[in-house]
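Going by the UniProt record's numbering, the sequence shown opens with residue 1, and the numbers climb by one from there. Quick notes on the structure that follows.
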Amino acid sequence: AKTYQKLLRGARKGSLHRVKKYAKRLRRAPAVVLETRSAVQLDRARTALHLACDAGADDVIAWLLKRGADVAAVDADGNTPAHLLARHAAVRNRAVERLRKHGASAHARNARGETPTALAERAHEAHAA
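In structure tokens form, the structure reads like this:
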């Protein structure tokens with residue numbers, strides 16, 4: 001369990017080195033690694049992909065997607081990884097495009113009824129103001 005939490009902490013910090021290091025230790029069950037949800041209450045039951053998107057970590061996002069991370073997984077608030085990536089004023093277009101190429105929906109709604117597209121537009125407006 002500690003190794004899973006360390007992997008998730010690496011994703012939260014945007015550290016590809018840490019994510020790879022702990023994923024290697026857990027290599028016997030790669031699907032479990034990708035779908036394990038954080039038990040840390042502040043992480044809101046997020047997967048490594050959620051946490052990497054929240055950090056805007058392009059390299060970690062790409063690595064997780066290549067290994068089959070679920071772009072449609074929802075956290076405790078109904079957010080997909082795309083919702084978390086879209087919230088940031090400095091949205092990384094490359095990362096958003098990667099999620100879309102792997103099947104992420106720009107129209108998925110979270111528990112508040114917000115789509116990643118609407119969140120990105122709001123973040124852009126806030127950044128421009």
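Note that beta-carbon positions come from the ideal geometry of N, C-alpha and C, so glycine has one too. The structure displayed is predicted, hence computed values, not measured ones.
Tell me which same chain residues have a C-beta within less than 7 Å of the C-beta of Arg44, skipping the five on either side of it?
-> Numbered from its first residue, the sequence shown carries residue 44 at position 44. Answer for Arg44: Asp75, Ala76 and Asp77, listed in chain order.
Does the Cβ of Ala111 have 16 or more other Cβ atoms within 10 Å, making it buried, or fewer, making it exposed?
-> For the purposes of this step, residue 111 is identified with residue 111 of the sequence shown, where counting begins at 1. Exposed is the call here.
Can you grab the Cα-Cα spacing for the pair Val96 / Ala86, in whole Å?
-> Residue mapping note: residue 96 aligns to position 96 of the sequence shown, counting from 1. Residue mapping note: residue 86 aligns to position 86 of the sequence shown, counting from 1. Those two C-alpha atoms are separated by around 8 Å.
Which of helix, strand or coil does DSSP assign to residue 216?
-> With the chain covering 1 to 129 only, the question about residue 216 has no answer from this structure.
Sorted by chain position, which residues of the same chain lie with C-beta nearer than 8 Å to Lys20's C-beta, five sequence neighbours on each side aside?
-> Position 20 of the sequence shown, counted from the first residue, corresponds to residue 20. Once the five neighbours on either side are set aside, the close Cβ partners of Lys20 are Trp63.
So what does DSSP say about Ala52, is it helix, strand or coil?
-> Taking the first residue of the sequence shown as 1, we reach residue 52 at position 52. In the structure shown, Ala52 adopts helical secondary structure according to DSSP, grouped into three states.
Exposed or buried, what is Ala126 when buried is set at 16 or more other beta-carbons lying within 10 Å of its beta-carbon?
-> Residue 126 sits at position 126 when you count from the first residue of the sequence shown. Around the beta-carbon of Ala126, fewer than 16 other beta-carbon atoms lie within 10 Å, marking it exposed.
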